[in-house]
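Numbering (the numbering used here), first residue to last: 384 to 1304. Positions of the beta carbon are idealized from the N, C-alpha and C atoms, including for glycine. Quick caveat: nothing in here was measured; it's all calculated off a predicted structure. Presented below is the structure to which this report refers.
This is how it looks when you write it as structure tokens:
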């Protein structure tokens, strides 16, 4: 029995318990809203007090609902990273695979992990996580909170540690706020519009008080809609109970499904529990029977769309769904409901607490977040599918969960103090026991085997190969950290970080035994050649023009190279030599280029298999500060090379839109930008054409350019960026031409740049008339004048960085250095990576409707790194590992356009939370 083994593991000589260290992990930094804890400080205090030998480590985290200091006060040790001494790792959500591997590989120590792993149903996206626990030599045990159960008086097993009640409570709150907004969009203002969302309250009681106040306003009749507001609620478990409690706090009047057609009072909010018997019946007309329904679900049909939905304003779904069971509302049902309502049904808002994609509510086809809580479904119905609802009331939810979980944690530290039922519950919840799947979960093994065969992600001990494979990482700059995390998570890989900044490189090592840092000046060809020769795969984070020189050494020593940069003509010229030397030079494995192409190829692979034809392809990509950090000149901050950003704004562009081929010179690119690009609600974006889009017809296999209506790739910026940067361009600040002499101050950089660009001698006081004379709008001139002062180019503006000592003094290099300093991210600020593809496919039948397919990514920076460093660094590392593991068979100069590259890399990215969401209309 697994718990007996755990008990023995914690037993010392003479039958006394040895020191037990419990570690509470920091939740994945990418889950910025995850503020819950598995144990509260009070629970930790009791655990330490009741077991004198128990130690508790808490990974430091500033966003938890209970701060680090409270845990310190009760005797826990706050640590930056859990130590190798930890026996039991406790958390809420599943950890990233590389974090699990880093701790598993830190020492030959058997540990127990207790988390919501989301693996026991065979979830594909977490098979990699499950695989990381399956190695008998490492002996890890995985216990899933979701499987902790206790028998009911009827002999059924019921979950004992869950957040369902709080999911329902918060879901009801989200539904009510969203209903207020949905009605406003239809021209009706109600008191619900003034109900704040649950996360704005510090406690459940505060939120219930707000609900009572809104309920009073509704009943006062001061502002009422023309018809009653009716909220329907499905499900009978904890979720629906939590939702019901909030509706009762609001003062909703409860009605039955039979009452719905006759409801009239507009100054009352009605709520209706809708049981399955109200809408499910057998196809032969026999009424609903629970036993019969579960025995033969395919015999049942739903009448929800005709009997219930026409009378609801909002719907809260708390009823789960499984394949083979009828849906509450299918897409066909929804189309019929909309048609019979004349195009605008009464139903305005749907809260699907279950988050079952295309499940009970088939039109629910994507997840939403607390940041972006809803999307518009059919007929403009607002739909919310947030999957971490309880964290909006994190403190109350954590206190509840901690109370449920504490007996099981106590059992691990002192098995003799608890009963047999607790032990049996833990055994039922065990998915992996000391590196092997337990009997009830053996069926998951083929999925793990399939993943390992496809991606070679199995844990490999050092003795299984003659030596560790060696990766040489050239550079230690902005995107290196996340790449190092990926490589360090592979015990069969030895990573060498080579940098001219040894201190920076050593900071990335962080005591990892399979990572080392060396000092290397890449201009020293002899030293570079030696470093390349000692590696198996080279990953270059150097500036793009330096890749060719590195590639020459790779060809000479028959080593593979992976970069994130565009494949230049000079690099293409190395194709035949690379092929002859059995070497792949794999480029464009970052974000843009990189993830954009991989996401496109995944869609196009399906398009080809289904025999469809692309008629339009429009793609946008960009890296931006989060809106709260964008109140600076250009609305931009740098998590990437400033010079590269300034250079990209001057590239020639070619594309096709509305059937017309267009070319824009680099000189006019900023002027001819797209002033409004609507992709994500709340983001005021504009766009710039990104280089030459036309070759992508061939690269992506889109077919002849003549057959495409649109072929366009663009770069996203916040509105106002292009006009302001164009003003800077007019001042010569982004010129690549060398200045005749080196400026002695930042103010001289400006005047020297203007002089070099225009041939005129212009002082700082003459900036306004100079810009106006170049046709710059008066509003932009004023903005440029203010920005130049803010940057310190026309007036003293606080401390400025020293002037860089440039061998070739060019305005763009001075300006890039200044912007890197003045437009740097502050410690609390985040960046974002944005990607959006839109494909149009020709109708499959004559007269049919054109199909639209989209792929979308919105990724924010985390404690782990910036969004740009994560999306570029991890993509690059995953691509390099595919080369290292022999999955990439191609040779020569290649991009990520083949399945052997994009499929595995996108799967790996999903495992670490970088997921490109597809939607097929």
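Nearest to residue 1116 by alpha-carbon distance, out of 1170, 1088, 1069, is 1170. Of 1248, 1231, 1220, 1237, the smallest CA-CA separation from residue 1212 is found for 1248. Residue 1300: member of the beta strand (DSSP E) spanning 1300 to 1303, first to last residue.
Remark: C-beta atoms of residue 512 and residue 483 approach each other more closely than 8 Å. Bridge partners of residue 816 according to DSSP: 819. Cα atoms of residue 735 and residue 555: separation of roughly 10 Å, rounded to the nearest angstrom. Per DSSP, residue 998 is not a residue of any alpha helix (DSSP H); the beta strand (DSSP E) it occupies stretches across 997 to 1008. The stretch 1241 to 1257 makes contact with the stretch 859 to 869: 3 or more CB pairs, one atom from each, lie closer than 8 Å.
Between the alpha carbons of residue 553 and residue 1129 lies a distance of about 54 Å. Between residue 1135 and residue 1126 a beta carbon distance of about 5 Å is seen, short of the 8 Å cut, so the two are scored as contacting. Look at residue 1092 here: in three-state DSSP terms it is coil, with no helix or strand label. Assigned with DSSP and collapsed to three states, residue 740 falls in coil, not helix or strand.
In this structure residue 699 does not touch residue 565 by the C-beta definition: roughly 13 Å separates them, more than the 8 Å allowed.
Collapsing the DSSP output to three states places residue 1052 in coil. For residue 770 and residue 591, the gap between their C-alpha atoms comes out near 22 Å. Here the alpha carbon of residue 1287 sits roughly 11 Å from the alpha carbon of residue 1268. Within the model, the alpha-carbon separation for residue 708 versus residue 680 is close to 5 Å.
Nearest to residue 1016 by alpha-carbon distance, out of 1084, 1164, 914, 1090, is 1164. The beta-bridge partner set that DSSP reports for residue 735 consists of 700.
If you draw a straight line from the Cα of residue 451 to the Cα of residue 408, it is about 12 Å long. Counting only runs of at least 4 residues, the stretch 633 to 689 fully encloses the following alpha helix (DSSP H) elements, listed from N- to C-terminal order: 673 to 678. Assigned with DSSP and collapsed to three states, residue 421 falls in coil, not helix or strand.
Using a Cβ-Cβ distance cut-off of 8 Å, the stretch 1274 to 1282 and the stretch 1209 to 1223 are not in contact, since fewer than three pairs of beta carbons, one from each stretch, lie closer than that value. Exposed is the label assigned to residue 727, since fewer than 16 other Cβ atoms lie within 10 Å of its Cβ. Contact annotation: residue 978 and residue 1258 have beta-carbon atoms nearer than 8 Å.
It is roughly 15 Å from the alpha-carbon of residue 722 to the alpha-carbon of residue 687. Here DSSP, grouped into helix, strand and coil, assigns residue 1033 to coil. Between the C-alpha atoms of residue 1005 and residue 1073 there is a straight-line separation of about 10 Å.
When 796, 805, 561, 719 are compared, the shortest CA-CA separation from residue 733 is found for 561.
Between residue 1058 and residue 1069, the CB-CB gap stays under 8 Å.
Of 1275, 527, 523, 515, the smallest CA-CA separation from residue 500 is found for 527.
Membership of residue 746 in any alpha helix (DSSP H) is not indicated, and neither H nor E is assigned to it by DSSP. The residue among 1014, 1253, 444 with its C-alpha nearest the C-alpha of residue 1207 is 1014. Between the alpha carbons of residue 881 and residue 857 lies a distance of about 5 Å. Listed in chain order, the non-local C-beta contacts of residue 1011 below 8 Å within the same chain comprise 1212, local neighbours out to five positions each way being set aside.
Residue pairing by DSSP puts residue 534 in a beta bridge opposite 540.
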